[in-house]
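Here the structure comes first, spelled out in structure tokens, and everything after it is commentary.
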Amino acid sequence: MNSSIMFWNCRGARKRKASLYLKEVVKEHGIFFIGLLEIKVTSFDRRDVDQLIGSDWQFFHVSSEGLSRGLLVLWKARFEKFQMLEFSSQFIIGDLEVPNRGKWRIASIYGNKDVYKRRRLWERLEFYSSKELPMVLGGDFYCILSKDDKKGGRRFLFSLGPKEMKSFLALNDFHEVGYVGLKFT
């Protein structure tokens, strides 16, 4: 069995399609930690989690702002322990303890489109970055580093936002890793 983590911009956590897709991917890839972005709900309780993914998952969520944004992290309660360290409208950061795999710092990200508000995200992630603990960042940073990361729309410019993100990643020795699934959502 694989052991994976997953980040997904689901665009609505209460959609039936989201639940069906999530259950299938979790089963197929042995996922034990999920960061969902743009959940578009102001409240999310145990009953909602049971319907979305099943009863053996624990959760923490950040409410949406109106009909957009919102974050939800889920972890398999039987096997993992997740200790939330800090959250905001842009992130949920916590320590995930996995038997036989140690402790990992995990950040589920849904960055702000405003480059100046996004600076707060970089500051908080840098604060929690540690040489002693491996860290995984995943989600939607609302910022791209290359024209290959977009499809259609305006022409890509390596402006202030991408420059700050590239600098943050380099200074903290973060690296992009592969993924499974669609390149564009």
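For the sequence shown, our numbering gives the first residue as 962, with consecutive numbering after it. Every residue, glycine too, gets a C-beta built ideally from N, C-alpha and C.
Cutoff 6 Å; reference residue i; Cβ partners in own chain excluding five residues on either side
i, result
"H1022", "F1005 and L1033"
"E1084", "none"
"V1059", "E1041"
"Q1019", "W1036 and A1038"
"R972", "E999"
Those residues which DSSP pairs with residue i across a bridge
i, result
"I1105", "BP columns for I1105 are empty, so no partner."
"V1097", "I1067"
"H1022", "L1033"
"K978", "Paired residue(s): none; K978 is not in a bridge."
"I1053", "F1048 and S1069"
"W969", "L997"
Anticipated Cβ contact below 8 Å, residue i with residue j, distance rounded
i, j, result
"R1039", "D1056", "Incorrect: roughly 18 Å between the Cβ atoms, too far for contact."
"I1053", "R1066", "Incorrect: roughly 12 Å between the Cβ atoms, too far for contact."
"I1014", "V986", "Contact flag wrong, Cβ pair sits at about 10 Å."
"L1094", "A1068", "About 12 Å; that fails the 8 Å criterion."
Residue i to residue j span [Cα, whole Å]
i, j, result
"Q1051", "G1072", "5 Å"
"V1010", "L981", "13 Å"
"F1135", "T1003", "32 Å"
"G1100", "L983", "15 Å"
"E1047", "F1088", "11 Å"
"L1132", "I1070", "18 Å"
"F968", "L1098", "9 Å"
"R1007", "Y1103", "29 Å"
"L1150", "P1123", "Residue 1150 cannot be examined here, being either before or after the span of the chain that is shown, 962 to 1146."
"S1120", "L1082", "18 Å"
"A979", "N970", "10 Å"
"D1075", "I995", "25 Å"
"A974", "N1061", "31 Å"
"E1026", "G1063", "35 Å"
"Q1012", "Q1044", "23 Å"
"L997", "R1116", "28 Å"
"F993", "S1024", "22 Å"
"R977", "E989", "19 Å"
Contacts around residue i, its chain only, beta-carbon distance under 7 Å, and the 5 residues preceding and following it disregarded
i, result
"W1028", "It is worth fixing the name first, because residue 1028 is Leu in this sequence and not Trp. Same-chain partners within the cutoff: K1001."
"R1030", "E999, S1050 and Y1071"
"K1127", "L1106"
"Y1077", "none"
Cβ shell of residue i (< 8 Å), same chain only, five flanking positions each side left out
i, result
"V1138", "none"
"R1080", "E1125"
"S1091", "R1066"
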